[in-house]
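Structure first, commentary second.
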Amino acid sequence: MSWDSVFLLANYWAIGGWLLLAFAPRGPKVLALILYAGVFLLCLAYAVMLGGFLSGTIDAGGTGGGNFTTLAGVMKLFDSPGGAALGWTHYLAFDLFTGMWIARDADAKGFSRIVQFPFLFLTLMVGPVGLLAWLIVRERRARAQAKAK
Numbered sequence: 001m002s003w004d005s006v007f008l009l010a011n012y013w014a015i016g017g018w019l020l021l022a023f024a025p026r027g028p029k030v031l032a033l034i035l036y037a038g039v040f041l042l043c044l045a046y047a048v049m050l051g052g053f054l055s056g057t058i059d060a061g062g063t064g065g066g067n068f069t070t071l072a073g074v075m076k077l078f079d080s081p082g083g084a085a086l087g088w089t090h091y092l093a094f095d096l097f098t099g100m101w102i103a104r105d106a107d108a109k110g111f112s113r114i115v116q117f118p119f120l121f122l123t124l125m126v127g128p129v130g131l132l133a134w135l136i137v138r139e140r141r142a143r144a145q146a147k148a149k
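Everything in the sequence shown is counted per the UniProt record's numbering, starting at 1 for the first residue and increasing by one.
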């Protein structure tokens, strides 16, 4: 399978999870489906790719030599089709997991789906910005609920 295909498959897989998160009823079965068929499988794909790169059984398609200790080293990791697909799959898995947490937290705090949608969309598109925005908005309601108990 080409790295372009891996990239597209991971994208479509993640979008399926996001669509369920945004539009499906959030019962235990749907949330489990998003967690295990979405987040888990993206994490598994990431782990398999990473293991393959580290063991040399999967060719990332680049020159190698990257590391996590310098900016230049990290840039080198992404300087191959496999490295970019690996990094992108990492983002997709964590963003979907974060979106699930936001949705469950918002449900527990009584926020409507309409209010949740912008935070979920921001998390899908620019992960940390969506999470930051949600953390700011949720704080007031979280404090009010804590005082009411």
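Built from N, CA and C at the ideal position, the CB exists for glycine as well. Bear in mind that the values here come from a model prediction, so they are computed numbers and not experimental data.
What span of residues does the alpha helix (DSSP H) with G130 cover, start to end? 113 to 148
Whole-angstrom C-beta distance between A22 and L120, which should lie under 8 Å: 6 Å
Go through its chain and collect everything with a Cβ distance to W134's Cβ below 7 Å, but skip five positions before and after it. I102, F119
Once you ignore the five residues that flank A24 on each side, which residues in its own chain have a CB closer than 8 Å to its CB? V30
Alpha carbon to alpha carbon, how far is S5 from Q116? 32 Å
S112 burial status per 10 Å Cβ neighbour count (16 or more: buried): exposed
Going by CA-CA distance only, name the one from G62, G52, L132, L41 that's closest to T89. L41
Short check: CB of residue 150 to CB of L86, under 9 Å? Only positions 1 to 149 of the chain appear in the structure, and residue 150 is not among them; the question remains open.
Is G62 near G83, with beta carbons less than 9 Å apart? yes
Using a Cβ-Cβ cutoff of less than 6 Å, which residues in the same chain neighbour G17 once the five nearest sequence positions on both sides are dropped? I34, G38, L96
Jot down the residue ranges of each uninterrupted alpha helix (DSSP H) in the region 57 to 88, minimum 4 residues, whole runs only, in chain order. 71 to 77
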